[in-house]
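Beneath this line is the structure, given in structure tokens, with notes to follow.
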Amino acid sequence: VSTSDYGHSANMHRIMQAQAFQHGRSEEDMFISKVLEINPRHPFMIKLLESIPDEDDEDSTVDTKSIDAAWMIHDTAMLNSGFQIDDVKSYSKRMTRSLQSVMEIDSLELADEIDPPEEDDEPEAFDADSMPEGMNMQDFDMGNINMDDFNMDMDTEDI
């Protein structure tokens, strides 16, 4: 998706939208012309064209998957160009249908509620003696710490 030669870029459109809403102008005042460039040799376009029925067959209709695919191509092009998607609810519905199809999910009904196992009210007491060798200061990397630098002489009256 691109803009006309003298049109605003996607970023400029976003800036103008923010300023228009601050000044009380409507979005229609800033309408910009966007151009959807289609590459007919792209595999997505070839597959999409194959999914559309012939003009001679009046009874046939385009299936929902093909319509969703066309809209997803449009939405992806808009997002890649820096534009926003206008109808977010429809986009969300299309993406949900697409995910449902890809993940082969028949129904979007929620599964039964999961009952987590009950936990004890009181946590287990920590037993330091049960540790393999207890705590050993040599196991800790003390780096360049010199223990003599610390004043370890404490008087019980200071506590």
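Under the UniProt record's numbering, residues 1 to 159 are what the sequence shown spells out, in order.
Using N, Cα and C, we set each Cβ at its ideal position, and we do this for glycine too.
These figures come from a predicted structure and were not determined experimentally.
Proximity winner among the options, relative to residue i (alpha-carbon distances)
{"i": "residue 35", "options": "81, 54 and 69", "result": "81"}
{"i": "residue 69", "options": "143, 98, 110 and 122", "result": "98"}
{"i": "residue 33", "options": "12, 87, 148 and 120", "result": "12"}
{"i": "residue 71", "options": "151, 89, 146 and 115", "result": "89"}
{"i": "residue 64", "options": "113, 52, 120 and 147", "result": "52"}
Span of the alpha helix (DSSP H), counted from its first residue to its last, around residue i
{"i": "residue 97", "result": "88-102"}
{"i": "residue 126", "result": "Looking at the DSSP string, residue 126 is not in any alpha helix (DSSP H), and its letter there is neither H nor E."}
{"i": "residue 69", "result": "64-80"}
{"i": "residue 164", "result": "Outside the displayed range of the chain (1 to 159) lies residue 164, so it cannot be described from this structure."}
{"i": "residue 43", "result": "43-50"}
Residue-level contact to chain B via CB, residue i, 8 Å cutoff
{"i": "residue 44", "result": "No chain B appears in this structure, which consists of one protein chain only."}
Beta-carbon separation (whole angstroms), residue i vs residue j, contact threshold 8 Å
{"i": "residue 60", "j": "residue 48", "result": "Not a contact, Cβ separation roughly 16 Å."}
{"i": "residue 108", "j": "residue 100", "result": "7 Å"}
Neighbourhood of residue i by C-beta distance below 8 Å, restricted to the same chain and skipping five residues each side
{"i": "residue 85", "result": "75, 78, 79 and 91"}
{"i": "residue 150", "result": "none"}
Cβ-based neighbour list, residue i, same chain, cut-off 6 Å, excluding 5 preceding and 5 following
{"i": "residue 106", "result": "none"}
{"i": "residue 142", "result": "none"}
{"i": "residue 15", "result": "none"}
{"i": "residue 102", "result": "none"}
heavy atom of the ligand MN below 7 Å from residue i C-beta
{"i": "residue 41", "result": "This structure does not include the ligand MN; it has no bound ligands of any sort."}
Other residues of its chain near residue i: CB distance less than 7 Å, five sequence neighbours each side excluded
{"i": "residue 45", "result": "38 and 39"}
Stretch pair the segment 66-82 + the segment 92-106: three plus CB contacts closer than 8 Å: yes
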